[in-house]
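With positions in the sequence shown counted from 1, the corresponding number in our numbering is that position plus 2.
No residue lacks a Cβ here, since even glycine has one placed at the ideal position from N, Cα and C.
The block underneath contains the structure these notes are about, expressed in structure tokens.
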Amino acid sequence: MACGRLLSRVWEQAQDTGPTPDPHPTSCPHCRDAVEGLAPVNAATRALRTETSPSLYALVDRIMNVVRAEVRLGRLLPLADPVRDLRIAESAAARVLRQAADAIPGARAANCRLVRAEQDTEVRVTMTLAAALDRPLTERVHQVRRSVLDAAGRELGLVVVAVDITVVDVLETGPTPGPALSVRGGAS
């Protein structure tokens with residue numbers, strides 16, 4: 003310290019409840035400031051020592067709760083923000099992209115997976131869907147791909163380098179409405 007005393011020695015003397023053989027620590031402003039600065043640390047240390055430590059089972063439960071929460075989230079994917087390290091859970095991003103696919107008439111997303119591409123901030127989307135056959139499949143898949151890319155960039159801030167789509171099922175199109183029947187059973 004500035005007065006030439008060792009901090010450890012001044013602290014020991016301050017903690018000693020008996021008569022002080024050396025009056026210096028009580029009269030020196032450097033020693034008094036040091037003792038006052040260490041008092042909150044001492045109080046916190048005492049409080050921690052009296053605190054009961056959690057049981058091993060409680061600790062394991064807390065760790066497992068964190069692990070389970072991580073598993074539910076899925077992998078964390080990077081968002082396209084070079085300044086901040088922002089991430090989104092794969093499950094949340096997949097939900098938004100499935101909704102974007104479902105917004106296209108005649109298409110229903112079945113599965114959506116997102117994986118990191120070669121660049122750390124890029125993502126590749128793999129999606130399976132069911133599609134109606136009332137229009138060419140290539141046209142419908144192109145619309146779904148555009149919708150997914152738009153939602154990924156605009157709503158999520160993901161840089162998607164590819165959207166791989168596989169049609170795995172056929173959607174039934176509803177019956178075409180015919181002419182209305184009259185009450186007598188004939189066409190009106």
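Proximity below 8 Å, CB of residue i to CB of residue j
| i | j | result |
| --- | --- | --- |
| R2 | I106 | The structure shown does not extend to residue 2, since the chain is modelled only from 3 through 190, so no value can be given for it. |
| E124 | V62 | no |
| H26 | R48 | no |
| L116 | L79 | yes |
| T168 | A134 | no |
| D171 | A112 | yes |
| C114 | R100 | yes |
| L173 | A132 | yes |
Through-space distance from residue j to residue i, alpha-carbon basis
| i | j | result |
| --- | --- | --- |
| C5 | V12 | 11 Å |
| D166 | V146 | 11 Å |
| R51 | R77 | 39 Å |
| R64 | A45 | 27 Å |
| L9 | P42 | 16 Å |
| R34 | T28 | 6 Å |
| P21 | A36 | 20 Å |
| M3 | Q17 | 18 Å |
| E14 | D24 | 12 Å |
| R196 | E38 | Absent from the model: residue 196. The displayed extent of the chain is 3 to 190, so no value can be given. |
| A109 | A153 | 16 Å |
| S57 | P31 | 45 Å |
| Y59 | R148 | 50 Å |
| N67 | D122 | 28 Å |
DSSP bridge partner residues for residue i (one or two, in chain order)
| i | result |
| --- | --- |
| P42 | None, per the DSSP bridge assignment. |
| R110 | A132 |
| L116 | V127 |
| V166 | The sequence shown places Asp at residue 166, rather than the Val named in the question. Answer is T128. |
Cβ-Cβ separation, residue j to residue i (assumed contact under 8 Å), whole Å
| i | j | result |
| --- | --- | --- |
| M129 | V150 | 7 Å |
Short CB-CB distance (under 8 Å) between residue i and chain C
| i | result |
| --- | --- |
| A91 | Given the protein chain composition of this structure (a single chain), no chain C is represented. |
### Query
Is the number of C-beta pairs between the stretch 78-87 and the stretch 133-152 that are closer than 8 Å three or more?
At 8 Å Cβ cutoff, the stretches do not touch.
### Query
Are the stretch 90-105 and the stretch 152-160 touching by the rule of at least three beta carbon pairs closer than 8 Å?
Yes, since at least three Cβ pairs between the stretch 90-105 and the stretch 152-160 fall closer than 8 Å, the two stretches touch.
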